[in-house]
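**Student:** According to our numbering, the residues represented by the sequence shown are 10 to 384, in order. Glycine is no exception: its CB is placed at the ideal position from the N, C-alpha and C atoms.
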Amino acid sequence: MRPWNFSAGPSALPLEVLQQAAEEMTDWHGSGMSVMEMSHRGKQFTQIRNEAEADLRELLAVPEDYEVLFMQGGATAENAIVPLNLIGRRSSGKADYILSGIWSNKSHKEAERYGDIAVAASSGSEIMLDGQTQSPWTWFPAVDSWQLRSDASYLHLCSNETIGGVEFSAWPDMAALGAPDVPLVADASSHFLSRTIDFSKASMVYAGAQKNAGPAGVTVVIVRKELVGHAMPTCPSAFDYANVAGADSMFNTPPTYAIYIAGLVFKWLQRQGGVEAIEAANIAKAEALYSYLDTSDFYLSRVHVGSRSRMNVPFFLRDESLNSNFLAQADAAGLMQLKGHKSVGGMRASIYNAVPMEGVQALISYMQDFERRYG
Ligand SMILES: *Cc1c(COP(=O)(O)O)cnc(C)c1O
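1) DSSP three-state call for R158: helix, strand or coil?
2) The beta strand (DSSP E) with D340 in it runs from where to where?
3) Pull the bridge partners of C167 from the DSSP assignment, please.
4) Is it the case that the Cβ atoms of V364 and N114 are separated by a distance below 9 Å?
5) Which residue's Cα is closest to the Cα of E119: S134, I96, D139?
6) When burial is assigned at 16 or more other CB atoms within 10 Å of the CB, is A185 buried or exposed?
7) Per DSSP, which one or two residues make a beta bridge with P323?
8) Just to confirm my understanding: we take P189, look at its own chain, exclude 5 residues before and 5 after, and list those with CB closer than 7 Å. What are they?
9) Would you tell me roughly how many angstroms separate the C-alpha atoms of V152 and M10, rounded to the nearest one?
10) Using DSSP bridges, identify the partner residues of Y308.
11) By the 10 Å Cβ neighbour count, where 16 or more other Cβ atoms means buried, how is N362 classified, buried or exposed?
12) What does DSSP give as the partner residue(s) for A104 in the beta ladder?
13) Is A84 near ligand 1, in the sense that its beta carbon is under 8 Å from a heavy atom of that ligand?
14) Am I right that G110 and W146 are in contact with their C-beta atoms under 8 Å? What's the rounded C-beta distance?
15) Is the CB-CB distance between I172 and F208 below 9 Å?
16) Relative to the C-alpha of F275, which residue among P224, I292, A289 is closest?
17) Touch check for the stretch 312-329 and the stretch 233-241: three-plus C-beta pairs under 8 Å?
18) Compute the minimum distance between the beta carbon of E380 and the heavy atoms of ligand 1, and state whether it is under 8 Å.
19) Would you mind reading off the limits of the beta strand (DSSP E) that contains E46?
20) Where does P72 land, buried or exposed, given buried means 16+ other C-beta within 10 angstroms?
21) Please report how far the alpha carbon of P263 lies from the alpha carbon of Q81, in whole angstroms.
22) DSSP state of L236, grouped into three classes?
23) So what's W37 in DSSP terms, helix, strand or just coil?
24) DSSP puts E176 in a beta bridge; with which residues?
25) Please classify K220 as buried or exposed, where buried requires at least 16 other C-beta atoms within 10 Å of its C-beta.
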């Protein structure tokens with residue numbers, strides 16, 4: 010059996026997808042070519058791309074008035090590409106950002122180069138929640154605390170902070186917050202396709218594929234059509250959503266192999282019963298792990314209960330001197346890449362779509378066993 014892989018990204022892919030890619034590696038569907046060797050404008054790759062888009066639209070019920078773009082540069086490049094494309098939508102030149110951890114802070118910092126950027130809310134301080142002190146970046150700012158500018162071009166947030174393990178799910182109606190013309194834009198990289206998306210609330214989501222949707226190299230952008238076509242004159246042509254959309258994501262050579270593998274992941278998801286089915290599985294996985302953490306005197310989760318990510322679960326051994334021992338024995342037991350991000354410390358289990366309940370159970374069993382031996 011393969012070891013269980015808890016990497017935060019690039020991360021585990023479904024074994025079936027890897028096996029199919031291996032079978033098709035040198036000769037895709039009798040074409041005599043690997044997908045890597047095909048012209049991106051040929052009929053075979055056009056079919057691969059079109060099916061990937063159609064399957065993704067079906068999986069997430071993407072409305073007709075949204076573009077689905079396959080881009081490059083990762084979510085990091087989108088930190089610049091988003092303001093370059095959207096700030097010019099309104100004469101104010103303003104955009105608002107919610108800060109909830111490392112990734113949203115990076116987005117905010119990059120955007121400051123392009124306009125009048127304000128922080129609408131931040132979790133970068135200690136707070137009392139449910140009678141407990143929450144440290145910075147372990148909670149998500151409540152919607153009713155957001156300070157919005159109604160003339161902003163957009164509001165940006167990170168809907169799943171991969172490093173802090175903080176997830177946002179209660180997407181508000183911007184009209185009810187007094188900002189009906191402010192579209193909500195989310196970096197959804199690390200929970201994309203783990204749950205449904207309410208496109209009546211989200212005007213744009215983007216995601217680097219390598220967390221939950223495929224290999225590194227392709228960034229998926231789903232954007233309401235009316236937001237496209239307002240790029241600043243200085244926006245690089247290849248990053249202008251209007252150019253990318255107008256050319257069916259082939260303004261220049263797209264990351265063909267990454268799109269092909271992501272397409273195989275989409276078909277795998279359909280075979281699992283779609284996003285609703287995988288979301289139910291993800292809820293069960295997260296519940297199993299958090300409820301174990303919460304009942305243990307040996308481990309703990311520091312993220313506020315209402316903001317805990319279903320995908321990325323940072324946790325700590327109360328006795329941190331056991332950390333390297335825990336990791337070494339986990340590795341030997343076939344539980345890989347559990348070391349926490351250096352800025353947070355401790356451990357982090359990323360339990361993306363491709364890590365089934367069986368993998369989570371294997372992790373919990375190992376943790377129980379370790380606790381019995383060292384607790
Ligand atoms: C990984 C990650 C990024 C950065 O992705 P790159 O592909 O390295 O640019 C940005 N945002 C979130 C939420 C992430 O998880």
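**Tutor:** Working from what's here:
1) coil
2) No beta strand (DSSP E) contains D340, which is instead part of the alpha helix (DSSP H) from 332-341.
3) D196
4) no
5) I96
6) exposed
7) R357
8) M183
9) 45 Å
10) L326
11) buried
12) I126
13) yes
14) 5 Å
15) no
16) P224
17) no
18) no
19) Per DSSP, E46 belongs to no beta strand (DSSP E) and is neither H nor E.
20) exposed
21) 8 Å
22) helix
23) helix
24) N169
25) buried
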